[in-house]
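Protein chains in written order, with this note's numbering: chain D, 679 to 835; chain X, 679 to 835. Don't be surprised by glycine CBs; every beta carbon is placed ideally from N, CA and C. Since we're looking at a predicted model, the values are computed, not measured. Take a look at the structure below.
There are 2 protein chains.
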Amino acid sequence: MDEVRWLDEREERAWRALQFMQMRLEAALARELAADSDLSYPDYVVLVALTDRPDGRMRLFELAHELGWERSRVSHHIARMTTRDLVRKERCGSDRRGAYVVVTDRGRGAITAAAPGHVAAVRRLFVDRLDPDMLDAIGEAAAVVLAGLDGEDRAVV
Amino acid sequence: MDEVRWLDEREERAWRALQFMQMRLEAALARELAADSDLSYPDYVVLVALTDRPDGRMRLFELAHELGWERSRVSHHIARMTTRDLVRKERCGSDRRGAYVVVTDRGRGAITAAAPGHVAAVRRLFVDRLDPDMLDAIGEAAAVVLAGLDGEDRAVV
DNA sequence: CTAACATAGGTGATGCATCATCTATTCCGC
DNA sequence: GCGGAATAGATGATGCATCACCTATGTTAG
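This is the structure we're talking about:
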């Protein structure tokens, strides 16, 4: 049992501020999205991922990987979105275990309507508050931490 | 209707990386906490807040404010924690609408057991991956964004 | 070829988070 | 004092996220 290295004041401040910012930011964005679009934040990111593809379709496991979601989460969420006619599922010919998720017209309409407001909110609350140096610093720091997380996952598996 | 100012490549990169980092980091910390402590992340932060007080007690609304939670969330969560004997509620004498949350012995035991591992994980996955400059930059950036969010809230209310 | 394993996806249970709404109490202006 | 507004907290419904587990299909070592 080694001694515990608690966080010092500077470390604690940065860590807590980041946590708090993330929580408040996500809550604010989700609220704004819900207020003017009938989409939740998860709905939004799914539709962004799908409409980034020229054919508006993706395998479920691709979606899971791209969004960093668990497979089961994708399954549940796509099921909910399907009942709202934002996406639909199609069986996959080449791999009969698999399925495609395809964005519907209604889904396209929803994301087209929602995106400008959401991007404006991201700017107003986050991007435009920070000067480019800070933004780069954050991007770089996040990349470093992500690389560490990836490394752990690979080590464990 | 003004033109939409979409995010440029640098902005998008920073924003996405931050989102992704936050998601993966919180998931990893929550999993680790759950694996060796029977506490969820929300349980953990509640117990930290309570044990920071000399008497281990707080009003529910204080807890809501300190954690940045909605009142209803606090109410539900404390109810769940009460059934597990991590905290208990006490009626407040001076304000008969109110109630205290008090950490129990079991709650103290749980947080004492969980904290070293959690702090070690925060170090391993986040704090120790970044040099002090980066950490400060993040703390500062988060503070700026938080100030903006506070400003909006005050303006709306 | 077949047995073992890996992968794609689905499902039910449970805990988490929010919303709308409710009651009880306190505060505050008149 | 009294009546309206604000505040403290609770509650039920609903959507979100994870876990443990399941089926079906594909892959590969022997």
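Tell me which residue opens and which closes the alpha helix (DSSP H) that V797 of chain D is part of.
Taking the first residue of the first sequence as position 1, residue 797 of chain D is located at position 119. Residue range D783 to L803 is occupied by the alpha helix (DSSP H) that includes V797 of chain D.
With a CB to CB cut of under 7 Å and the five nearest residues on each side skipped, what residues in its chain are close to L632 of chain X?
Since the displayed chain X opens at 679 and closes at 835, residue 632 of chain X lies outside it and no answer follows.
Between the stretch 717-743 of chain D and chain X, which residues of the former have a C-beta closer than 8 Å to a C-beta of the latter?
For the stretch 717-743 of chain D, which is checked against every Cβ of chain X, not one residue is closer than 8 Å.
To the nearest angstrom, how far is it from the Cα of R731 of chain D to the Cα of Q700 of chain X?
Position 53 of the first sequence holds residue 731 of chain D. Position 22 of the second sequence holds residue 700 of chain X. Distance from the CA atom of R731 of chain D to the CA atom of Q700 of chain X, rounded to whole angstroms, is 25 Å.
Other residues of its chain near G785 of chain X: CB distance less than 6 Å, five sequence neighbours each side excluded
Position 107 of the second sequence holds residue 785 of chain X. So the list reads L725, L764 and V765, once near-sequence residues are dropped.
Could you tell me which residues DSSP puts in a beta bridge with E744 of chain X?
Residue mapping note: residue 744 of chain X aligns to position 66 of the second sequence, counting from 1. Looking at the DSSP output, E744 of chain X sits in no beta bridge, so it has no partner there.
Segment contact flag, the stretch 806-817 of chain X with the stretch 808-828 of chain D, C-beta cutoff 8 Å, min 3 pairs:
Counting Cβ pairs under 8 Å, three or more are found: they touch.
I want to verify the contact list: residues of chain X whose CB lies under 8 Å from the CB of I816 of chain D, in sequence order.
On the first sequence, residue 816 of chain D is found 138 positions in, with the first residue counted as 1. Listed along chain X, the residues sitting closer than 8 Å to I816 of chain D by beta-carbon distance are A692, A695, L696, A815, I816 and A819.
Could you tell me the boundaries of the alpha helix (DSSP H) in which V723 of chain D lies?
In the first sequence, the residue the question calls residue 723 of chain D occupies position 45. Taken as a continuous stretch (DSSP letters only), the alpha helix (DSSP H) holding V723 of chain D covers Y719 to D730.
List the residues of chain D whose Cβ lies closer than 7 Å to the Cβ of E689 of chain X, in chain order.
Along the second sequence, one-based indexing puts residue 689 of chain X at 11. What E689 of chain X touches in chain D: V805 and L813.
Top-ranked residue by Cα proximity to L803 of chain X, from D:A825, D:A695 and D:R749
As a first step, residue 803 of chain X must be located in the second sequence, where it is residue number 125. Ranking D:A825, D:A695 and D:R749 by Cα distance to L803 of chain X puts D:A825 first.
Spell out whether any CB of chain D is found under 8 Å from the CB atom of A777 of chain X.
Here residue 777 of chain X corresponds to residue number 99 of the second sequence, with the count starting at 1. Under the Cβ criterion of 8 Å, A777 of chain X is not counted among the residues facing chain D.
Given C770 of chain D, which residues of its chain have a CB within under 8 Å of its CB, disregarding the five upstream and five downstream residues?
Locating residue 770 of chain D in the first sequence gives position 92, counting from the first residue. Here the set comprises R737, G776, A777 and Y778.
Compute the beta-carbon to beta-carbon distance between R807 of chain D and V823 of chain X, rounded to the nearest angstrom, for a pair I have assumed lies under 8 Å.
Within the first sequence, residue 807 of chain D is the residue found at index 129, counting from 1. Within the second sequence, residue 823 of chain X is the residue found at index 145, counting from 1. That belief holds up - the Cβ atoms of R807 of chain D and V823 of chain X are roughly 5 Å apart, short of 8 Å.
H754 of chain X to H743 of chain X span [Cα, whole Å]:
As a working mapping, residue 754 of chain X is identified with position 76 in the second sequence. As a working mapping, residue 743 of chain X is identified with position 65 in the second sequence. In this structure, the CA atom of H754 of chain X is about 15 Å from the CA atom of H743 of chain X.
Report the neighbours of R786 of chain X on chain D: residues whose CB is nearer than 8 Å to its CB, in chain order.
Start at 1 with the first residue of the second sequence, and residue 786 of chain X comes out as number 108. Within 8 Å Cβ-Cβ: nothing; R786 of chain X doesn't reach chain D, min ~16 Å.
Using a Cβ-Cβ cut-off of 8 Å, state whether G826 of chain X counts as contacting chain D.
Start at 1 with the first residue of the second sequence, and residue 826 of chain X comes out as number 148. Closer than 8 Å to some Cβ of chain D, the Cβ of G826 of chain X qualifies, so yes.
Burial state of E710 of chain X (16 or more Cβ within 10 Å):
Reading the second sequence from its first residue, position 32 is the one you call residue 710 of chain X. Result: buried.
What's the gap between the Cα of V752 of chain X and the Cα of G746 of chain X?
Position 74 of the second sequence, counting from 1, holds the residue named residue 752 of chain X. Position 68 of the second sequence, counting from 1, holds the residue named residue 746 of chain X. Looking at the two C-alpha atoms, the distance is approximately 10 Å.
So, helix, strand or coil for R737 of chain X, using DSSP?
Reading the second sequence from its first residue, position 59 is the one you call residue 737 of chain X. Three-state result, R737 of chain X: strand.
Name the one or two DSSP bridge partners that V779 of chain X has.
Walking along the second sequence from the start, residue 779 of chain X turns up at place 101. V779 of chain X pairs with X:M736 and X:K767.
What are the start and end residues of the alpha helix (DSSP H) that includes L703 of chain X?
Stepping through the second sequence from its first residue, residue 703 of chain X is reached at position 25. Its alpha helix (DSSP H) spans residues E687 to A713.
Check L824 of chain X in the structure and name its three-state DSSP category.
Numbered from its first residue, the second sequence carries residue 824 of chain X at position 146. In the structure shown, L824 of chain X adopts helical secondary structure according to DSSP, grouped into three states.
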